[in-house]
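Peer 1: There's a structure below that I have some questions on.
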Amino acid sequence: MHAVHARVKYQESVLKEYKKHAENRTIPKRLKSMKSYPKMQSPEAQKRVNEAYHQVECTVLDQAIQEIEKNLAAHKEQDQSLLQQRQSERQVLEGKKEKTPRISHHTRVKIELVELQKKYDKFCAKLDTFSKSSENKDILHTGEEGDLDVFGEPLEEDEELENTDDEDNDDEGEDEDKDDETLHTPCYLKNNCLDEDIEQNPQWAGAVLDELFAIVKEKATTQDLCEIRRQVTKYIDEIETCDSNVGEHSTFHQLYRDMMTAFLAYVAYLQLKYRAV
0 MHAVHARVKY
10 QESVLKEYKK
20 HAENRTIPKR
30 LKSMKSYPKM
40 QSPEAQKRVN
50 EAYHQVECTV
60 LDQAIQEIEK
70 NLAAHKEQDQ
80 SLLQQRQSER
90 QVLEGKKEKT
100 PRISHHTRVK
110 IELVELQKKY
120 DKFCAKLDTF
130 SKSSENKDIL
140 HTGEEGDLDV
150 FGEPLEEDEE
160 LENTDDEDND
170 DEGEDEDKDD
180 ETLHTPCYLK
190 NNCLDEDIEQ
200 NPQWAGAVLD
210 ELFAIVKEKA
220 TTQDLCEIRR
230 QVTKYIDEIE
240 TCDSNVGEHS
250 TFHQLYRDMM
260 TAFLAYVAYL
270 QLKYRAV
């Protein structure tokens with residue numbers, strides 16, 4: 000009960016802190032994915048990346064507030080039910096105390112001794128009666144009442160106990176070794192320069208993003224996410240460098256750069272959402 004109550008108090012304080020940050024459009028330190036956003040060569044690219052990261056952090060903050068509110072309601076209900084249960088148990092105990100007062104161990108032992116003394120006196124009285132009457136001298140062993148114990152009560156026959164040993168014949172299964180799935184870096188991220196035929200096949204950008212999302216959703220670990228984020232950041236910079244050398248901004252490059260920036264924000268979202276609550 001105390002643990003549940005403490006959890007409720009902690010979640011209330013965290014919820015209050017998160018709501019204050021949400022009103023000010025700031026992000027708590029515990030939800031920050033990194034100390035600073037990725038550095039871009041172009042100011043425009045840096046601005047877009049900063050906005051994308053901030054938007055992701057705000058989304059994670061809103062989801063964290065909703066999750067905490069949901070958990071807080073469940074914990075409050077559990078805390079209230081435990082409190083009512085404890086109060087009802089206390090009332091029942093108080094009612095029992097009124098009906099049957101508590102007996103100390105010393106008093107209980109005295110009562111047992113008195114009962115034993117009564118049985119002993121009863122046994123002595125029977126023994127005197129049997130000794131005075133020769134007709135009943137064998138009743139202690141073969142009378143109608145049967146054998147008696149030291150307190151004058153019939154003896155019970157001992158029963159032989161048979162011990163049975165259970166044998167366990169469970170077969171031990173052999174564990175099969177499973178190979179760990181490793182992240183395969185896409186071919187387009189292994190190249191240090193842009194593909195010359197990239198503009199001749201605009202659908203290639205969509206295929207690239209589909210492959211990235213599939214890898215992240217199915218196989219990527221925390222280390223893989225960091226590597227993908229580093230490579231995508233480097234790739235965006237290469238696009239910027241390519242456009243700067245040519246002296247003009249390609250429409251396809253602009254579209255592809257925006258798509259990569261959105262994916263970069265998605266990777267940051269995956270890294271943050273499990274650290275929110």
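So for the sequence shown, numbering that gives the first Met the number 0 puts the first residue at 0; every next one is plus one. Even for Gly, the Cβ is constructed at its ideal location relative to N, Cα and C.
(1) Would DSSP call residue 121 helix, strand or coil?
(2) Within 8 Å, do at least three Cβ pairs link the segment 12–19 to the segment 51–65?
(3) In whole angstroms, give me the CA-to-CA distance for residue 8 and residue 26.
(4) Rounded to a whole number of angstroms, what is the C-alpha to C-alpha distance between residue 229 and residue 49?
(5) From residue 40 to residue 22, what does the alpha carbon distance come to, in whole angstroms?
(6) Identify whether residue 42 lies in helix, strand or coil by the three-state DSSP scheme.
(7) Quick one: using the 10 Å Cβ neighbour count with 16 as the cut-off for buried, is residue 12 buried or exposed?
(8) Contact check, residue 277 vs residue 51 under 8 Å by CB: the rounded distance?
(9) With DSSP collapsed to three states, give me the class of residue 103.
(10) Mapping DSSP to helix, strand and coil, what is residue 36?
(11) Pick from 232, 3 and 44: whose alpha carbon is nearest that of residue 81?
(12) Rounded to the nearest angstrom, what separates residue 36 and residue 55 at their Cα positions?
(13) How about residue 10 and residue 74: are their beta carbons less than 8 Å apart?
(14) Quick test of your reading: residue 235 and residue 44, contact by CB under 8 Å. State the CB separation rounded to the nearest angstrom.
Peer 2: This is what the structure gives:
(1) Numbered from its first residue, the sequence shown carries residue 121 at position 122. In the three-state DSSP reduction, residue 121 falls in the helix class (H, G or I).
(2) The segment 51–65 is in contact with the segment 12–19.
(3) Looking up residue 8 in the sequence shown gives position 9. Looking up residue 26 in the sequence shown gives position 27. If you draw a straight line from the Cα of residue 8 to the Cα of residue 26, it is about 22 Å long.
(4) Within the sequence shown, residue 229 is the residue found at index 230, counting from 1. Within the sequence shown, residue 49 is the residue found at index 50, counting from 1. Rounded to whole angstroms, residue 229 to residue 49 spans 15 Å at the Cα level.
(5) For the purposes of this step, residue 40 is identified with residue 41 of the sequence shown, where counting begins at 1. For the purposes of this step, residue 22 is identified with residue 23 of the sequence shown, where counting begins at 1. If you take the alpha carbons of residue 40 and residue 22, they lie about 32 Å apart.
(6) Against the sequence shown, residue 42 aligns to sequence position 43. In the three-state reduction of the DSSP assignment, residue 42 falls in the helix class, which pools H, G and I.
(7) Locating residue 12 in the sequence shown gives position 13, counting from the first residue. Looking at its Cβ environment, which holds fewer than 16 other Cβ atoms inside 10 Å, residue 12 is exposed.
(8) The structure shown does not extend to residue 277, since the chain is modelled only from 0 to 276, so the question has no answer here.
(9) For the purposes of this step, residue 103 is taken as residue 104 along the sequence shown, with counting starting at 1. Look at residue 103 here: in three-state DSSP terms it is coil, with no helix or strand label.
(10) Taking the first residue of the sequence shown as position 1, residue 36 is located at position 37. Residue 36: coil per DSSP, three-state reduction.
(11) The residue you call residue 81 lines up with position 82 of the sequence shown. Among 232, 3 and 44, the Cα nearest to that of residue 81 belongs to 3.
(12) Counting from 1 along the sequence shown, the entry for residue 36 is found at position 37. Counting from 1 along the sequence shown, the entry for residue 55 is found at position 56. Rounded to whole angstroms, residue 36 to residue 55 spans 12 Å at the Cα level.
(13) One-based indexing of the sequence shown puts residue 10 at position 11. One-based indexing of the sequence shown puts residue 74 at position 75. Yes; because the gap between Cβ atoms is below 8 Å, this pair is in contact.
(14) For the purposes of this step, residue 235 is identified with residue 236 of the sequence shown, where counting begins at 1. For the purposes of this step, residue 44 is identified with residue 45 of the sequence shown, where counting begins at 1. Between residue 44 and residue 235 the Cβ distance is about 6 Å, and since that is below 8 Å, they are a contact.
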